[in-house]
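S.K.: In the working numbering, the protein residues as written are 35 to 511.
Quick reminder that beta carbons are idealized off the backbone N, C-alpha and C, glycines included.
First the structure, then my questions, so here it is.
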Amino acid sequence: MSKKLFIKTWGCQMNVYDSARMADVLAPLGYRPVEEPEGADMVILNTCHIREKASEKVFSDLGRLRGLKDRKAAEGDGRMIVAVAGCVAQAEGEEILARMPHVDMVFGPQNYHTLPEMVARVTRAAGSVLNTDFPAESKFDFLPEEEGAQGVAAFLAVQEGCDKFCTFCVVPYTRGAEFSRPAAQVLAEARRMVAAGTAEITLLGQNVNAWHGDGPDGSSWGLGRLIRELAEIDGLARIRYTTSHPRDMDEDLIRAHAEVPQLMPYLHLPVQSGSDRILAAMNRKHTADDYRRVIDRLRAAKPDLALSGDFIVGFPGETDADFAETLRLVTDVGYAQAYTFKYSPRPGTPASVDGGQLSEEVKGARLEALQQLIAAQQIAFNQGFVGRTVPVLFDRRGKQDGQLLGRSPWMQSVYVQGNDRLFGRMVEVRIDAAYSNSLTGAVVTGEWTSGAPYTGSAPHSGNTHTGNQGIEVEALA
Ligand code: 5AD
Ligand code: SF4
């Protein structure tokens with residue numbers, strides 16, 4: 035009998051990935067995803083602990099779910115299993131169970147492969163299950179193969195956890211130690227995804243460029259080598275990876291940006307601050323100039339590389355002069371896009387008990403100044419594309435009728451009016467307008483002649499497929 039499963043996801047792309055895999059694990063038990071929590075047989079909140087706001091929302095959602103659970107029971111419609119997963123579960127599992135008695139299951143990011151067992155336990159008996167140990171085995175060895183097609187552009191988790199211990203960050207505690215999935219496992223999964231229609235794979239990891247593994251010949255591989263091997267998969271048109279740490283940007287990976295055409299010219303490389311004093315207090319183990327040098331090497335390898343970053347303002351002890359250094363770094367680098375955060379003290383992290391915590395007002399003012407600078411860079415970056423023709427992989431349908439949405443190689447969202455037949459394909463688009471978060475354009479017909487080097491093709495190639503050196507060009511019928 036089919037059961038209704040509702041999953042709500044907060045936080046990073048790794049959580050989005052985990053939620054999809056939880057649905058895969060539960061599918062053999064008869065659970066099918068639904069869009070609303072009302073009446074669901076199981077509700078999973080897959081949570082994020084990175085900043086305070088995200089964790090607080092979990093408790094208010096849990097409060098609301100109690101009403102839905104009671105109503106379902108009162109209507110004689112059976113039990114709603116309420117589960118809390120993810121990083122809040124890992125960090126605050128016992129507190130959740132103590133404060134929220136209607137919660138049936140609490141499990142961390144490394145435990146969801148045991149969902150069938152947990153479900154059996156809670157359905158057999160009253161009471162709740164807490165599962166936040168870091169198991170000796172890797173969940174990746176126990177997860178089922180993905181259910182069906184993963185989509186035109188899909189994520190593939192290759193690395194998890196972090197050993198860097200930045201002093202502001204909960205990830206090393208909630209996700210555990212750095213772990214790389216074996217190369218053979220990653221390549222096999224990528225091949226399955228491409229065979230099922232995926233044309234773009236984003237390799238995921240909290241510290242994805244720390245990925246390392248053994249090749250079939252026993253030699254040691256880094257992420258650059260893994261990307262080269264993935265690029266051999268016929269039909270895999272685009273490869274991306276996120277999130278990276280500046281210290282793990284090794285020479286081979288940088289060279290891969292120059293040498294692997296399928297590796298897209300966009301890199302998310304967080305630096306957090308431009309002040310060496312603050313970087314040291316954050317335990318980043320690199321200076322602002324180290325970061326500038328990495329960017330210089332990347333741009334020497336790939337001149338059109340677009341950069342994105344993460345920045346924290348108002349870290350304990352940050353002075354106006356420190357913040358000015360951050361603005362200077364942003365000005366020097368020039369970002370296509372960046373994420374900015376006010377420092378949020380997280381329980382259990384060293385910086386949360388540092389002296390020199392700053393007021394909300396100071397954090398707010400710095401955030402605004404930084405956001406203004408970045409917004410100006412972002413719009414300037416996008417405006418540079420007006421009049422150019424770029425290859426767009428259409429992976430989503432827009433809200434309006436006949437609207438298709440895809441991404442440029444540089445991660446820009448590109449909207450066009452186009453035939454639905456273009457969905458899932460790589461198409462040339464002439465950009466006619468730029469906005470802060472997107473581009474609009476028109477599908478172009480004809481041969482692909484210039485622009486970013488590009489090989490590979492979308493799957494299900496149409497009749498105008500031009501082979502390895504070209505791009506599939508579609509007529510706007
Ligand atoms: N406060 C504010 N931002 C944080 N981040 C991580 N921890 C904190 C924190 N305690 C930001 C960092 C990181 C991104 C995922 O979230 O910029 O790169
Ligand atoms: Fe957190 Fe730093 Fe690890 Fe990134 S590198 S996950 S910010 S501890």
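1. Kindly provide the ranges of any beta strand (DSSP E) runs that are 3 or more residues long and lie completely inside the region 408-434, ordered along the chain.
2. Between the alpha carbons of Ile267 and Glu128, how many angstroms are there, rounded?
3. For Thr489 and Ser342, what's the separation of their Cα atoms in angstroms?
4. Roughly how many angstroms separate the alpha carbons of Met114 and Ala107, rounded to a whole number?
5. Which residue's Cα is closest to the Cα of Gly348: Leu96, Gly73 and Gln391?
6. Which residues mark the beginning and the end of the beta strand (DSSP E) in which Asp104 is found?
7. Measuring from the CB of Cys203, is there a heavy atom of the ligand SF4 at a distance below 7 Å?
8. What is the DSSP secondary structure of Ile267, reduced to helix, strand or coil?
9. Taking the alpha carbon of Pro62 as the point to measure from, which residue in Ile84, Gln144 and Leu149 has its own alpha carbon closest?
10. With H, G and I counted as helix, E and B as strand and the rest as coil, what does DSSP make of Asn471?
11. Could you check whether Val122 and Leu99 sit closer than 8 Å to each other, using their CB atoms as the reference points?
12. If you follow the alpha helix (DSSP H) that Asn49 is in, where does it begin and where does it stop?
13. State yes or no: is the C-beta of Pro169 nearer than 7 Å to some heavy atom of the ligand SF4?
14. If you draw a straight line from the alpha carbon of Pro280 to that of Arg318, how long is it in whole angstroms?
15. Using 7 Å as the cut-off, classify the Cβ of Pro143 as near or not near the heavy atoms of the ligand 5AD, replying yes or no.
16. Closer than 7 Å by C-beta to Lys103: which residues in its own chain qualify, once you throw out the five before and the five after it? Chain order, please.
17. Select from Glu70, Pro71, Ala125 and Leu96 the residue whose C-alpha is nearest the C-alpha of Arg85.
18. Could you check which residue in Asp284, Leu303 and Val294 has the C-alpha nearest to that of Thr276?
19. Hey, how far is the Cα of Arg289 from the Cα of Gly440?
20. Taking 7 Å as the cut-off, is the beta-carbon of Asp356 closer than that to any non-hydrogen atom of the ligand 5AD?
21. At 3 residues or longer, what runs of the beta strand (DSSP E) sit wholly inside the region 188-243?
22. Can you tell me whether Gln446 is buried or exposed? The criterion is at least 16 other CB atoms within 10 Å of its CB, across all chains shown.
23. Under 8 Å: do the region 193-211 and the region 352-366 share three or more Cβ pairs, one atom per stretch?
24. Quick check: the Cα distance between Pro295 and Met56, rounded to an integer number of angstroms?
25. Assign Arg105 to buried or exposed, taking buried as 16 or more other Cβ atoms, counted over all protein chains shown, within 10 Å of its Cβ.
26. Output yes or no for whether 8 Å exceeds the beta carbon distance between Gln193 and Gly239.
27. Between Leu39 and Arg66, is the Cβ-Cβ spacing less than 8 Å?
28. Do you know how far the Cα of Ala244 is from the Cα of Ser278?
29. Under three-state DSSP, which class holds Lys336?
30. Measure how close the beta-carbons of Pro425 and Tyr300 come, nearest whole angstrom, since I'm counting them as under 8 Å.
31. Going by C-alpha to C-alpha distance, which of Arg133, Gly73, Gly231 and Leu79 sits closest to Gly110?
M.R.: Once the coordinates are examined:
1. Taking 3 residues as the shortest admissible run, the region 408-434 contains the following complete beta strand (DSSP E) segments, listed from N- to C-terminal end: 423-431.
2. About 45 Å.
3. In this prediction, Thr489 scores a pLDDT of 38, lower than 50, which makes its location untrustworthy; the coordinate-derived value is nonetheless stated afterwards. About 24 Å.
4. In a straight line, the C-alpha of Met114 is about 8 Å away from that of Ala107.
5. It is Gln391 whose Cα lies nearest to the Cα of Gly348.
6. Annotation for Asp104: no beta strand (DSSP E) segment contains it, though the alpha helix (DSSP H) segment containing it runs Glu86 to Ala108.
7. Yes - the ligand SF4 has a heavy atom lying nearer than 7 Å to the Cβ of Cys203.
8. Three-state DSSP puts Ile267 in coil, outside helix and strand.
9. Ranking Ile84, Gln144 and Leu149 by Cα distance to Pro62 puts Leu149 first.
10. Taken through DSSP and simplified to helix, strand or coil, Asn471 comes out as coil.
11. Not in contact: Leu99 and Val122 (Cβ atoms no closer than 8 Å).
12. Counted as a single uninterrupted DSSP element, the alpha helix (DSSP H) harbouring Asn49 occupies residues Gln47 to Leu60.
13. Checking every heavy atom of the ligand SF4 against the Cβ of Pro169, none is found closer than 7 Å.
14. Rounded to the nearest whole angstrom, the C-alpha separation of Pro280 and Arg318 is 9 Å.
15. Because no heavy atom of the ligand 5AD lies under 7 Å away, the Cβ of Pro143 does not count as near it: no.
16. Same-chain partners within the cutoff: Met114, Val116 and His136.
17. Taking the Cα of Arg85 as reference, the smallest distance to any Cα among Glu70, Pro71, Ala125 and Leu96 is reached at Ala125.
18. When only C-alpha atoms are compared, the closest one is Leu303.
19. If you draw a straight line from the Cα of Arg289 to the Cα of Gly440, it is about 27 Å long.
20. No, since every heavy atom of the ligand 5AD falls outside the 7 Å radius drawn around the Cβ of Asp356.
21. Counting whole runs of 3 or more residues, the region 188-243 contains the beta strand (DSSP E) stretches 234-238.
22. Burial call: buried.
23. Counting Cβ pairs under 8 Å, fewer than three are found: no touch.
24. Their backbone Cα atoms lie some 33 Å apart in a straight line.
25. It is exposed - the Cβ of Arg105 has fewer than 16 other Cβ atoms within 10 Å.
26. Against a cut-off of 8 Å, the Cβ pair of Gly239 and Gln193 comes out as a contact.
27. Yes, the Cβ-Cβ distance between Leu39 and Arg66 is below 8 Å.
28. Approximately 8 Å between the Cα atoms of the pair.
29. Coil.
30. In fact, because the Cβ distance is near 13 Å, the residues do not count as touching under 8 Å.
31. The shortest Cα separation from Gly110 among Arg133, Gly73, Gly231 and Leu79 belongs to Gly73.
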